[in-house]
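These protein sequence lines map, in sequence, to chains G and F.
Quick note: the first sequence uses the numbering used here, first residue 199, plus one each step.
Quick note: the second sequence uses the numbering used here, first residue 59, plus one each step.
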Amino acid sequence: MDLSHIFNSKKIFSISFCAVLFSILSFSAFSQEHTAADTAHAETSVAHAEGEEKDEDISKVILHHIADSHEWHFFGHVSIPLPVILYTEAGLVTFLSNKFGHSDDGTQLIEADGVSLVKYHGKYFYPVLPKNDHGTYIQYDSRGDILNAKPFDISITKNVVSLLISVTVLLIVFIGIAKAYKTREGKAPKGLQSILEPIILFVRDDIAKPQLGYRYKGFMPYLLTVFFFVWLNNLMGLIPFFPGGANLTGNIAVTMMLALCTFVLTTVNGNKNYWGHVFTPHVPWWLYPLMIPVEIIGLFTKPIALMIRLFANITAGHILILSLISLIFILKSVLVAGIAVPFVLFISVIELVVGFIQAFIFTILSALFIGMAVEEHAEH
Amino acid sequence: MTLLALNPLVSPDPGLFIWSTVAFLILFFLLSKFAWKPIVQALDERERSIEDALSKAEMAKAEMAKLISENEDLLKEARLERDNILKEAKEIKDQMINDAKDQAKAEGAKLIELAKTEINNQKLAAMAEIKNQVSTLSIDIAEKVLRKQFEDQNKQQALVNDLLKEVKLN
Numbered sequence: 199m200d201l202s203h204i205f206n207s208k209k210i211f212s213i214s215f216c217a218v219l220f221s222i223l224s225f226s227a228f229s230q231e232h233t234a235a236d237t238a239h240a241e242t243s244v245a246h247a248e249g250e251e252k253d254e255d256i257s258k259v260i261l262h263h264i265a266d267s268h269e270w271h272f273f274g275h276v277s278i279p280l281p282v283i284l285y286t287e288a289g290l291v292t293f294l295s296n297k298f299g300h301s302d303d304g305t306q307l308i309e310a311d312g313v314s315l316v317k318y319h320g321k322y323f324y325p326v327l328p329k330n331d332h333g334t335y336i337q338y339d340s341r342g343d344i345l346n347a348k349p350f351d352i353s354i355t356k357n358v359v360s361l362l363i364s365v366t367v368l369l370i371v372f373i374g375i376a377k378a379y380k381t382r383e384g385k386a387p388k389g390l391q392s393i394l395e396p397i398i399l400f401v402r403d404d405i406a407k408p409q410l411g412y413r414y415k416g417f418m419p420y421l422l423t424v425f426f427f428v429w430l431n432n433l434m435g436l437i438p439f440f441p442g443g444a445n446l447t448g449n450i451a452v453t454m455m456l457a458l459c460t461f462v463l464t465t466v467n468g469n470k471n472y473w474g475h476v477f478t479p480h481v482p483w484w485l486y487p488l489m490i491p492v493e494i495i496g497l498f499t500k501p502i503a504l505m506i507r508l509f510a511n512i513t514a515g516h517i518l519i520l521s522l523i524s525l526i527f528i529l530k531s532v533l534v535a536g537i538a539v540p541f542v543l544f545i546s547v548i549e550l551v552v553g554f555i556q557a558f559i560f561t562i563l564s565a566l567f568i569g570m571a572v573e574e575h576a577e578h
Numbered sequence: 059m060t061l062l063a064l065n066p067l068v069s070p071d072p073g074l075f076i077w078s079t080v081a082f083l084i085l086f087f088l089l090s091k092f093a094w095k096p097i098v099q100a101l102d103e104r105e106r107s108i109e110d111a112l113s114k115a116e117m118a119k120a121e122m123a124k125l126i127s128e129n130e131d132l133l134k135e136a137r138l139e140r141d142n143i144l145k146e147a148k149e150i151k152d153q154m155i156n157d158a159k160d161q162a163k164a165e166g167a168k169l170i171e172l173a174k175t176e177i178n179n180q181k182l183a184a185m186a187e188i189k190n191q192v193s194t195l196s197i198d199i200a201e202k203v204l205r206k207q208f209e210d211q212n213k214q215q216a217l218v219n220d221l222l223k224e225v226k227l228n
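Right, here's the structure in full:
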């Protein structure tokens with residue numbers, strides 16, 4: 199299939215060049231992180247007597263920052279409790295996350311609406327009675343995986359709050375802009391309208407039109423929504439304090455949802471050519487047993503790649519920044535801040551660009567997949 | 059699945075998945091209806107109007123150029139016309155002057171001729187007058203002289219004798 203039309207735009211070429219550059223950068227940064235981890239390892243093995251769990255602690259802290267949470271932590275002991283909604287064996291159970299204290303180690307039993315629960319590492323489990331040797335209600339298998347059953351958790355977590363904030367912001371901003379377009383009809387854009395108009399035009403002229411041709415109009419709403427949703431959440435994730443700080447686009451559930459939307463659109467809009475390409479590929483018939491499964495797998499790898507790409511890029515950026523900050527604590531010297539902080543600043547600036555590029559890539563690939571599905575005659 | 063379960067990062071949380079799906083779909087439908095539709099429409103509209111305005115400007119420009127060239131042609135024609143008229147007028151003027159000159163000359167010549175004839179006539183008349191006067195005067199003088207001469211009888215005789223002598227000679 200001829201895909202040269204994707205690469206014929208100079209702009210897109212330069213952007214992809216940047217993307218490659220940044221992926222190399224982030225890769226080298228990754229290795230840096232590894233070095234950091236190794237250093238931490240060395241540190242811990244040397245200072246075995248001092249603190250055995252140092253390395254474990256740092257990675258736990260980093261993962262804790264990236265992961266979802268039932269409360270929005272500000273600083274020290276200040277945090278906003280968020281509602282916990284659990285679908286348990288005894289029906290829906292709701293309570294504020296701070297109602298039963300901040301116990302997070304699985305040692306304390308919670309009695310909520312007649313259901314006993316235990317909170318362990320930010321998650322709610324059904325307790326396994328009686329307490330084990332460590333004084334917790336958690337049971338492990340031989341590999342260290344938790345065996346406890348879990349209630350179905352549909353809590354308003356930190357990520358959900360962040361999601362609702364970003365959705366509200368997007369609604370206010372774009373409905374406001376739409377109003378501006380109505381009241382200032384035919385006039386030059388003004389204010390926020392003039393800032394966002396080039397980006398809307400960018401999505402239309404550089405993403406939708408080249409990939410979808412004359413059919414771009416019907417898919418514009420989806421592409422614009424995805425683009426601005428991903429971009430805003432990427433940026434909000436980079437803000438270290440409220441209302442940012444939640445790692446929404448670096449959460450695989452969210453990227454999975456977005457990729458699934460693209461997958462559904464692709465599948466629903468796929469025309470005869472698209473399905474023909476899958477089930478009667480242009481190869482000799484005796485290759486069909488090989489090719490048809492490959493094509494069917496190909497249907498799914500595309501959205502899965504979308505999902506992993508966004509998740510990995512954003513999460514990697516967060517891990518990188520946190521690791522650089524953690525260097526100060528790993529090496530136990532405030533002097534490290536002299537190197538770590540400028541580096542964090544540098545990476546943060548790159549992350550700003552990555553935030554845009556990933557939104558762009560997610561959108562252009564969605565447009566490309568949809569474009570392949572609605573293409574009238576496949577080129578070979 | 060055990061591989062996925064190893065890291066909480068790569069195991070999608072169903073709660074968040076549900077919430078994000080709901081939120082994203084609501085966002086998508088609300089934005090499609092209340093934001094993207096009017097925005098994209100307005101952008102298209104504006105682009106079309108700009109294109110229209112540009113093409114209209116182009117047309118006006120062409121029209122203008124046409125008008126200007128037409129004007130120039132007209133001007134050229136008018137100038138030519140004017141030159142022709144001026145030339146003709148000049149010719150007529152010259153003609154008139156020449157005619158007038160000729161006429162004046164002829165008139166003058168005629169007048170001079172007339173004057174000359176008149177002068178001649180007057181001269182002749184004057185001459186005739188003078189001749190008359192002179193003859194009368196001469197006769198008067200001759201009469202008086204003769205009368206004086208011939209008061210004396212002898213002298214008359216002498217003259218007759220002289221005359222007679224002359225006649226004999228002849």
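Glycine is no exception: its CB is placed at the ideal position from the N, C-alpha and C atoms.
All values reported here derive from a predicted model rather than from experimental measurement.
Secondary structure at S221 of chain G, three-state DSSP: helix, strand or coil? Caution is warranted here: a pLDDT of 49 is assigned to S221 of chain G, below 50, making its placement in the model unreliable, and no coordinate value can be reported.
Any idea what DSSP makes of A310 of chain G, helix, strand or coil? A310 of chain G: strand per DSSP, three-state reduction.
Name, in chain order, the residues that DSSP records as bridge partners for H262 of chain G. In the DSSP output, where bridge partners are listed per residue, H262 of chain G has none listed.
Can you name the start and end residues of the alpha helix (DSSP H) that K385 of chain G belongs to? Unbroken run through K385 of chain G: none, as it is neither H nor E.
Alpha carbon to alpha carbon, how far is P487 of chain G from E493 of chain G? Give it in angstroms, no decimals. 11 Å
Listed in chain order, which residues of the stretch 255-273 of chain G have Cβ atoms closer than 9 Å to some Cβ of chain F? Within the stretch 255-273 of chain G, the qualifying residues are L261, I264, A265, D266.
Based on the DSSP secondary-structure assignment, which residues constitute the bridge partners of T292 of chain G? G:I283
Please name the residues in the stretch 342-362 of chain G whose beta-carbon is closer than 9 Å to at least one beta-carbon of chain C, in chain order. No chain C is present in this structure, whose protein chains are G and F.
M185 of chain F to N156 of chain F span [Cα, whole Å]: 42 Å
Taking any Cβ of chain G, which residues in the stretch 126-154 of chain F have a Cβ under 9 Å from it, in chain order? none
Using only alpha-carbon positions, find the residue among G:M570, G:I363, G:A514, G:S546 that is nearest to T460 of chain G. G:M570
Could you have a look at K213 of chain F and say whether DSSP puts it in helix, strand or coil? Here K213 of chain F sits in helix by DSSP.
Check whether P441 of chain G and I363 of chain G have beta carbons under 9 Å apart: yes
At a CB-CB cut-off below 7 Å, which residues of chain G make contact with R104 of chain F? The contact set of R104 of chain F on chain G, defined by CB atoms closer than 7 Å, consists of G384 in chain order.
By Cβ distance, which residues of its chain are closer than 7 Å to V452 of chain G, with the 5 residues on each side in sequence left out? Closer than 7 Å at Cβ, skipping near neighbours: L446.
So, with DSSP's three-state summary, where would you put Y338 of chain G? strand
Against V452 of chain G, what residues of chain F qualify as contacts under a CB-to-CB distance less than 7 Å, listed in chain order? L74, S78
Leaving out five residues before and five after T561 of chain G in sequence, what residues of the same chain have Cβ atoms less than 7 Å from its Cβ? If we look at T561 of chain G and ignore the five residues flanking it on each side, its Cβ neighbours are V401, I405, L421, V424, F425.
Tell me whether E171 of chain F is buried or exposed, calling it buried when 16 or more other Cβ atoms sit within 10 Å of its Cβ. With fewer than 16 other Cβ atoms within 10 Å, it is exposed.
Going by other Cβ atoms of all chains shown within 10 Å of its Cβ, with 16 needed for buried, is I370 of chain G buried or exposed? exposed
When G:M434, G:I336, G:L508 are compared against V367 of chain G, the one with the closest alpha-carbon: G:M434
Tell me whether G166 of chain F sits in a helix, a strand or coil according to DSSP, three-state version. helix
Are S521 of chain G and I260 of chain G close, meaning C-beta to C-beta below 9 Å? yes
Output needed for K329 of chain G: all residues of its chain with C-beta closer than 7 Å, excluding positions within five of it in sequence on either side, in chain order. Y335
Can the beta-carbon of F350 of chain G be found closer than 9 Å to that of L284 of chain G? yes
Interface partners of F427 of chain G on chain F, CB under 7 Å: F82, L85
For A378 of chain G, which residues of its own chain have a beta-carbon under 8 Å away from its beta-carbon, when the five flanking residues on both sides are left out? P387, K388, G389, L390, Q391
In chain order, what residues of the stretch 418-445 of chain G put their CB closer than 7 Å to some CB of chain F? M418, P419, Y420, L422, T423, F427
Going along chain G in order, which residues have a C-beta closer than 7 Å to the C-beta of D110 of chain F? Within chain G, no residue comes near D110 of chain F; the closest Cβ sits about 11 Å away, beyond 7 Å.
If you draw a straight line from the alpha carbon of K151 of chain F to that of K134 of chain F, how long is it in whole angstroms? 25 Å
Tell me the residue span of the beta strand (DSSP E) that contains E269 of chain G. 269-273
DSSP state of F425 of chain G, grouped into three classes? helix
V313 of chain G to V542 of chain G, Cα distance in whole Å? 45 Å
For F324 of chain G, which of helix, strand or coil comes out of DSSP? According to the sequence as given, residue 324 of chain G is Tyr; it is not Phe. Y324 of chain G falls in the coil class under three-state DSSP.
Would W77 of chain F and L361 of chain G be called neighbours here (beta carbons separated by less than 9 Å)? yes
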